[in-house]
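Worksheet: one structure, shown below.
Protein chains in written order, with the working numbering: chain V, 20 to 352; chain Z, 594 to 929.
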């Protein structure tokens with residue numbers, strides 16, 4: 020499978036003002052991120068709030084320029100392109116945000132919101148062509164008949180319908196990859212599954228790759244069941260591999276804690292849940308993070324050597340950032 | 594089973610200029626003493642409105658049209674909440690039933706230290722008592738009580754008491770709110786979506802803590818949530834609400850085993866689980882109902898896969914099964 024996007028040792032840091040005469044403090048939000056996304060693949064990025072998962076999404080879509088490392092699109096450095104090629108390339112990566120209400124202009128009708136990107140990027144389209152295209156994508160995302168929705172304003176639609184509009188807008192430029200940032204966390208529970216199924220349909224029928232950013236492991240497992248998962252903690256990828264392998268036998272202590280904490284919709288299984296292997300519930304702040312293992316402060320198995328720089332280890336096809344692989348207690352299901 | 598609170602046929606309307614919006618219609622709910630009861634529903638299903646009726650603090654222009662809320666205060670003592678006068682109601686609130694509101698972040702006063710917020714509540718509540726029973730609460734007495742509660746929720750009391758809310762993390766603020774709700778030793782705590790803004794690991798810590806409060810202090814809890822997985826893991830009883838109606842009520846084990854009501858079934862079957870390997874799950878079709886334009890008959894019928902002709906015309910009665918399980922659906926009317 021051809022790779023669409025490669026993140027090679029990507030780092031992202033921000034400057035924080037400390038005082039008037041003191042030098043600015045540098046905060047590393049992302050450190051040493053390596054991630055490949057192949058054609059037609061679904062990659063789930065999971066982690067708690069503040070771990071940098073949305074920043075990865077913004078870097079992949081080209082909204083933020085990484086301060087370190089190389090972002091390759093189709094094998095070439097994205098930031099080596101001329102402005103014209105850069106924007107042509109960016110068309111192929113689309114972004115679906117969490118808050119569908121904020122993502123749509125409240126004073127434009129759905130038709131206006133959907134036609135803007137089409138007429139901007141396809142200069143040779145006539146008005147009739149644009150209308151035809153809009154009808155096509157609306158039917159594809161399950162908003163039928165399209166006429167019933169096109170003249171409405173965003174506030175007249177439900178959360179689930181607005182999320183479908185965002186999906187329609189994302190596929191209007193026939194992208195190769197869609198980055199979906201928590202697309203279901205703000206809609207009603209009974210509507211969530213249908214949005215996840217829609218993403219599956221776009222993946223299977225149009226061959227669009229997805230980066231699904233979420234804090235919910237259960238939906239990550241559901242959507243990326245044949246794909247990869249990338250577990251993040253404090254700006255680093257701590258574990259990366261196929262969803263099946265990572266969730267069956269998590270290797271990194273953080274992944275283990277995360278999986279142990281997820282409630283399952285089955286009272287019998289849930290009530291005999293395991294204890295969470297973790298030392299404290301407080302997340303260390305990015306500024307005080309250790310130079311070595313990012314999980315050092317909360318890891319129950321941490322020892323002196325964890326304070327050194329940690330390299331990736333490959334175990335059974337899963338990439339783990341932990342120096343104590345093989346010394347940890349066996350994970351049993 | 595002993596009930597601490599019984600809600601009977603409560604109807605709550607929000608009176609607007611042109612029409613009245615019926616947010617809750619004919620809900621009856623028992624809350625068992627010393628147990629965790631979960632009230633499950635989507636946004637707009639009326640769960641927060643039902644919970645607010647327990648404290649008679651439904652936000653204006655909402656009001657209770659009919660029905661009763663009975664709080665069993667002793668063996669033969671009953672307080673009818675909606676009949677309490679202003680002073681009695683003020684004394685009742687927090688002392689009998691307290692509430693942890695959605696978004697602990699905004700429930701704390703940002704310009705008052707945690708200690709002063711706790712202390713103020715203790716002093717103010719003393720003033721609601723009849724004059725002869727009032728005591729003066731010294732800061733030392735208050736500190737002892739507050740320190741005990743903050744220790745109980747695993748917080749560093751010395752640090753937290755002198756802090757302002759912005760100096761604490763989300764998980765810490767939520768624990769401060771739990772300690773705060775325990776301040777006057779209530780018999781029931783209402784928890785409105787206590788972990789929605791928190792991460793899964795923090796969520797688990799908070800619920801373990803709530804279970805400790807429930808078991809060691811014997812305090813009953815009413816947990817409002819939309820997350821069916823959380824209910825499965827932490828609750829004893831559950832009630833499912835849809836469109837202002839109570840659709841199903843029973844023990845958590847029984848609801849998950851039988852899934853009598855088609856809505857409950859849809860909700861449970863459409864929730865992805867991390868411990869199971871399944872292919873595609875089937876979502877509940879359609880959209881949640883519009884409260885201003887409710888369908889006739891059963892409120893769930895436009896989305897129901899087992900909809901019959903009668904469901905479109907009239908609303909089903911609540912059927913009580915042998916086990917005490919209650920369902921509001923025509924599929925089970927014969928079994929009553």
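A virtual CB, placed ideally from N, CA and C, is assigned to each residue, including glycine.
All of these numbers come straight from a predicted model, not from anything done at the bench.
Return the residues of the stretch 167-179 of chain V that lie within a Cβ-Cβ distance of less than 8 Å from chain Z, sorted by chain order.
Listed by position, the residues of the stretch 167-179 of chain V near chain Z (Cβ gap below 8 Å) are 177 and 179.
Taking residue 380 (chain V) and residue 258 (chain V) to be in contact with their CB atoms under 8 Å, please state how far apart those CB atoms are, rounded to whole angstroms.
Beyond the ends of chain V as shown, which are 20 and 352, falls residue 380 (chain V); an answer cannot be given.
Run down chain V in chain order and give the residues with a C-beta less than 8 Å from the C-beta of residue 604 (chain Z).
Within chain V, no residue comes near residue 604 (chain Z); the closest Cβ sits about 24 Å away, beyond 8 Å.
Would a C-beta distance cut-off of 8 Å place residue 195 (chain V) and residue 58 (chain V) closer than the cut-off?
Contact: yes.
For chain B, check one thing: does any of its Cβ atoms lie closer than 8 Å to the Cβ of residue 96 (chain V)?
Note that chain B does not occur in the displayed structure, where the protein chains are V and Z.
From the beta carbon of residue 773 (chain Z), is the nearest beta carbon of chain V less than 8 Å away?
Answer no: the Cβ-Cβ gap between residue 773 (chain Z) and chain V never drops below 8 Å.
Taking the straight line between their C-alpha atoms, what separation do you get for residue 851 (chain Z) and residue 216 (chain V)?
Approximately 26 Å between the Cα atoms of the pair.
Find the residues of chain V that neighbour residue 881 (chain Z), judging by a C-beta separation of less than 8 Å, and give them in chain order.
Chain V residues near residue 881 (chain Z): 177, 207, 209 and 210.
By the 8 Å beta-carbon criterion, what residues does the stretch 288-315 of chain V contribute toward chain Z?
Flagged, chain order: 288, 289, 290, 292, 295, 297, 300, 301 and 302.
Does the pairing of the stretch 299-306 of chain V with the stretch 330-348 of chain V give three or more beta-carbon distances under 8 Å?
In short, these stretches do not touch, since the Cβ pair count stays below three.
Sort V:268, V:348, V:206 and V:277 by Cα distance to residue 118 (chain V) and report the nearest one.
The shortest Cα separation from residue 118 (chain V) among V:268, V:348, V:206 and V:277 belongs to V:206.
Pairs of beta-carbons, one from the stretch 90-102 of chain V and one from the stretch 116-132 of chain V, closer than 8 Å: are there three or more?
The answer is no - the stretch 116-132 of chain V does not touch the stretch 90-102 of chain V, with fewer than three Cβ pairs under 8 Å.
Using the beta-carbon of each residue, which ones in chain V are nearer than 8 Å to residue 873 (chain Z)?
By Cβ distance, chain V contributes 216 and 219.
Could you give the distance in angstroms between the alpha-carbon of residue 769 (chain Z) and the alpha-carbon of residue 642 (chain Z)?
C-alpha separation (whole angstroms): 24 Å.
Does residue 727 (chain Z) come out as helix, strand or coil in the three-state DSSP assignment?
It is coil, neither helix nor strand.
Name the chain Z residues whose beta carbon is nearer than 9 Å to that of residue 339 (chain V)?
Residues of chain Z passing the Cβ test: none, with the nearest at roughly 19 Å.
Could you check whether the Cβ of residue 819 (chain Z) sits closer than 8 Å to any Cβ belonging to chain V?
Yes, residue 819 (chain Z) lies at the interface with chain V (some Cβ there is under 8 Å from its Cβ).
Using the beta-carbon of each residue, which ones in chain V are nearer than 7 Å to residue 864 (chain Z)?
Within chain V, the residues near residue 864 (chain Z) are 284.
State the beta-bridge partners of residue 55 (chain V) as determined by DSSP.
Per DSSP, V:25.
Within its chain, find whatever has a CB closer than 6 Å to the CB of residue 630 (chain Z); leave out the 5 residues flanking it on each side and keep chain order.
So the list reads 624, 815 and 830, once near-sequence residues are dropped.
So, under 8 Å CB-CB, residue 659 (chain Z) and residue 602 (chain Z) are touching, yes? Tell me the CB distance rounded to an integer number of Å.
Yes, they are in contact, since the Cβ atoms of residue 659 (chain Z) and residue 602 (chain Z) sit about 7 Å apart, within 8 Å.
In chain order, what residues of the same chain have a beta carbon less than 6 Å from the beta carbon of residue 279 (chain V), not counting five sequence neighbours either side?
Closer than 6 Å at the Cβ level, and outside the excluded window around residue 279 (chain V), lie 293 and 295.
According to DSSP, is residue 623 (chain Z) part of a helix, a strand, or is it coil?
Of the three classes helix, strand and coil, the one that applies to residue 623 (chain Z) here is strand, per DSSP.
Along chain Z, in chain order, which residues have C-beta atoms closer than 8 Å to that of residue 223 (chain V)?
Correct list: empty, because the minimum Cβ distance to chain Z is about 11 Å.
With 16 as the cutoff for other CB atoms within 10 Å, does residue 725 (chain Z) come out buried or exposed?
Burial call: exposed.
Rounded to whole angstroms, how far is the Cβ of residue 662 (chain Z) from the Cβ of residue 646 (chain Z), which I believe are closer than 8 Å?
Between residue 646 (chain Z) and residue 662 (chain Z) the Cβ distance is about 6 Å, and since that is below 8 Å, they are a contact.
Please name the residue in V:310, V:251, V:348 and V:245 whose C-alpha comes closest to that of residue 52 (chain V).
When each option's Cα is compared against that of residue 52 (chain V), the closest is V:251.
How about the stretch 826-844 of chain Z and the stretch 178-189 of chain V: do they share at least three Cβ pairs that are nearer than 8 Å?
Touching, no, given that fewer than three Cβ pairs across the two stretches are closer than 8 Å.
Just by C-beta distance, which residues in the stretch 822-835 of chain Z are closer than 7 Å to chain V?
Under the 7 Å Cβ criterion, the stretch 822-835 of chain Z contributes 822, 823, 825 and 826.
Please state whether the Cβ-Cβ distance between residue 212 (chain V) and residue 867 (chain Z) is less than 8 Å.
No. Outside cutoff.
Applying the criterion that 16 or more other CB atoms from any shown protein chain within 10 Å of the CB defines a buried residue, is residue 731 (chain Z) buried or exposed?
Counting Cβ neighbours within 10 Å, residue 731 (chain Z) comes out exposed, since fewer than 16 surround it.
Strictly below 7 Å CB to CB, what residues from chain Z border residue 185 (chain V)?
Residues of chain Z passing the Cβ test: none, with the nearest at roughly 17 Å.
Output needed for residue 86 (chain V): all residues of its chain with C-beta closer than 7 Å, excluding positions within five of it in sequence on either side, in chain order.
Correct list, in chain order: 30, 31 and 32.
How would you call residue 916 (chain Z), buried or exposed, if buried means at least 16 neighbouring beta carbons within 10 angstroms?
That one is exposed.
Name the residues in the stretch 897-929 of chain Z whose C-beta lies less than 9 Å from a C-beta of chain V; which are they?
Within the stretch 897-929 of chain Z, no residue qualifies.
If we count the other Cβ atoms within 10 Å of its Cβ and call it buried at 16 or more, is residue 767 (chain Z) buried or exposed?
Label assigned to residue 767 (chain Z): buried.
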